[in-house]
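Below: the structure, in structure tokens.
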Amino acid sequence: MLAFVKCFSLKRAKHPRGYEDPHVLASETPFTVNEIEALHDLFKKLSTSIINDGLIHKEEFLLALFRNGSMQNLFADRVFYMFDRKRNGVIEFGEFVRSLSIFHPYTPEHEKSAFMFKLFDLHGTGFIEPHELKKMVGALLGETDLELSEESIEAIVEQTMLEVDTNKDGKIDEEEWKELVAKNPSILKNMTLPYLK
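If you're matching positions, the sequence shown starts at 1 in full-length UniProt numbering and goes up one per residue.
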């Protein structure tokens, strides 16, 4: 019985929770096996930066993105939420690779656009409402040195709604979002990591 327990422990240590075979991940994403192995090295560094359990916790994610593990930021929270596909409060290796694949240069623009739409759709209703847009604009501005007044942010939201909400129902649906992205492709500029080319 002890030999069985030791064998199980060794297997578990070799492949932590959430680990997936690089060949399987390569077949499901635009990444090559070599890129996935490099991502696994990065994942191991991130997942042991605070809690050494082979999973990326929110604090580790924030530390990696912002060099601050306790920062409160809606944008970072949303990205973490989108990466945590199992909704278990941590990012496993397979989730990490699949989520990062959205930023690969070979990922189609319609997938990048859909990811951004979900990022802005804070309540998961299938629509971006003005208050959601306002919160995300504020969060994104918080990532820059640009400071705008509450009135300026409100004006940006109102103007965006006037231009994008073509059916005038007070919210942005996926079709309206697609039209916005088609007219303004620079919206997806940050959705591609250039060093993956």
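The C-beta atom is built at its ideal place from N, Cα and C for all residues, glycine as well. Predicted model, so just to flag it, every value in this text is computed and none were measured.
Under 8 Å between the Cβ atoms of residue i and residue j?
i           : j           : result
residue 28  : residue 98  : yes
residue 80  : residue 66  : no
residue 111 : residue 102 : yes
residue 30  : residue 125 : no
residue 148 : residue 141 : yes
Report the residue from the options whose alpha carbon sits nearest the alpha carbon of residue i.
i           : options           : result
residue 176 : 114, 102, 85      : 114
residue 144 : 83, 91, 73, 182   : 73
residue 24  : 93, 75, 47        : 93
residue 187 : 116, 47, 101, 104 : 116
residue 48  : 82, 63, 95        : 63
residue 41  : 19, 90, 30        : 19
residue 183 : 75, 168, 78, 164  : 164
Within its chain, find whatever has a CB closer than 6 Å to the CB of residue i; leave out the 5 residues flanking it on each side and keep chain order.
i           : result
residue 194 : none
residue 5   : A caution first: residue 5 carries a pLDDT of 46, below 50, which makes its placement in the model too unreliable to give a value.
Can you tell me whether residue i is buried or exposed, with buried defined as 16 or more other CB within 10 angstroms of its CB?
i           : result
residue 11  : With a pLDDT of 46 at residue 11, under the threshold of 50, the predicted position of this residue should be treated as unreliable, and no value is reported.
residue 84  : buried
residue 57  : buried
residue 180 : buried
residue 51  : exposed
Using only the heavy atoms of the ligand ATP, determine whether one of them is closer than 7 Å to the beta carbon of residue i.
i          : result
residue 90 : Only the bare structure without any ligand can be found here, which leaves the ligand ATP out of the picture.
Apart from the five residues on each side of it in sequence, which residues of its chain come closer than 7 Å, Cβ to Cβ, to residue i?
i          : result
residue 17 : 54, 55, 92
residue 1  : Residue confidence for residue 1 is low, a pLDDT of 48 falling below 50, so the modelled location carries little weight; the figure read from the coordinates is stated next. Closer than 7 Å at the Cβ level, and outside the excluded window around residue 1, lies no residue.
Got a sec? Which residues, its chain only, sit under 8 Å from residue i by beta carbon, not counting five neighbours each side?
i           : result
residue 178 : 110, 113
Q.
Could you check whether the segment 113-131 touches the segment 170-186, counting it as contact only if at least three pairs of C-beta atoms, one from each stretch, sit closer than 8 Å?
A. yes
Q | Stretch-stretch touch, CB-based, cutoff 8 Å, three pairs: the segment 125-136 with the segment 148-168 | A | yes
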